[in-house]
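Enquirer: Going by the UniProt record's numbering, the sequence shown wraps up at 132, each residue one higher than the last. Note that CB positions come from ideal geometry on N, CA and C, so glycine has one too. The structure presented is a predicted model; accordingly, all values stated were derived computationally and were not measured.
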Amino acid sequence: MAFLCLMFYEAAQVVGKLRHKRLANLIGCCCEGDERLLVAENMPSDTVAKLLFHWEKQTIEWLLRLRVTFYIAEVLDYSNTEGLPPYRDLNAYKALFDEDGGPRLSCFSPNHAYRPSEYLENDQVLTIKDRF
């Protein structure tokens with residue numbers, strides 16, 4: 001168990017060093033027993049997914065869509081410039097809005113965060129049937 005916590009802390013340390021105005025930056029982590037917790041900056045507003053997929057009440061303006069796209073591209077460029085692996089889990093649920101309505105990308109992607117070895121090998125998800 002201690003080895004898994006060490007792996008988790010090492011991955012969290014890498015993610016915690018990422019600092020960008022368009023990221024929901026990691027501010028802490030905890031590993032106790034089987035529990036893992038990552039703590040990021042508070043993003044009190046909705047996700048892009050809520051605006052895109054639950055548009056019955058309110059549609060997302062095209063100008064905002066373009067701004068989200070541009071800001072996410074900034075973060076991806078930063079990630080690439082820092083020599084990090086490609087952000088493979090990009091989706092509308094990872095794009096969050098801060099208190100000012102500015103889009104930010106969650107910095108927790110499977111390639112940046114802890115991946116338990118019992119579930120992932122060679123970047124492929126294994127089912128329990130495949131494992132045993």
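#1: What is the DSSP secondary structure of A92, counted as helix, strand or coil?
#2: Tell me whether G28 sits in a helix, a strand or coil according to DSSP, three-state version.
#3: Under the assumption that I60 contacts A95 (Cβ atoms under 8 Å), give the Cβ distance between them as a whole number of angstroms.
#4: Tell me, which residues are paired with E35 by DSSP?
#5: Between the Cα of W66 and those of V14, G102, A2, K21, spot the shortest distance and give me the residue it belongs to.
Expert: Per the coordinate set shown:
#1: Residue mapping note: residue 92 aligns to position 92 of the sequence shown, counting from 1. Coil.
#2: The residue labelled residue 28 in the question sits at position 28 within the sequence shown. Strand.
#3: By one-based count along the sequence shown, residue 60 stands at place 60. By one-based count along the sequence shown, residue 95 stands at place 95. Incorrect: roughly 11 Å between the Cβ atoms, too far for contact.
#4: Translated into positions along the sequence shown, residue 35 becomes position 35. DSSP, once it has assigned bridges, lists E32 as partnering E35.
#5: Within the sequence shown, the letter at position 66 stands for residue 66. According to the sequence as given, residue 66 is Leu; it is not Trp. Nearest option by C-alpha distance: G102.
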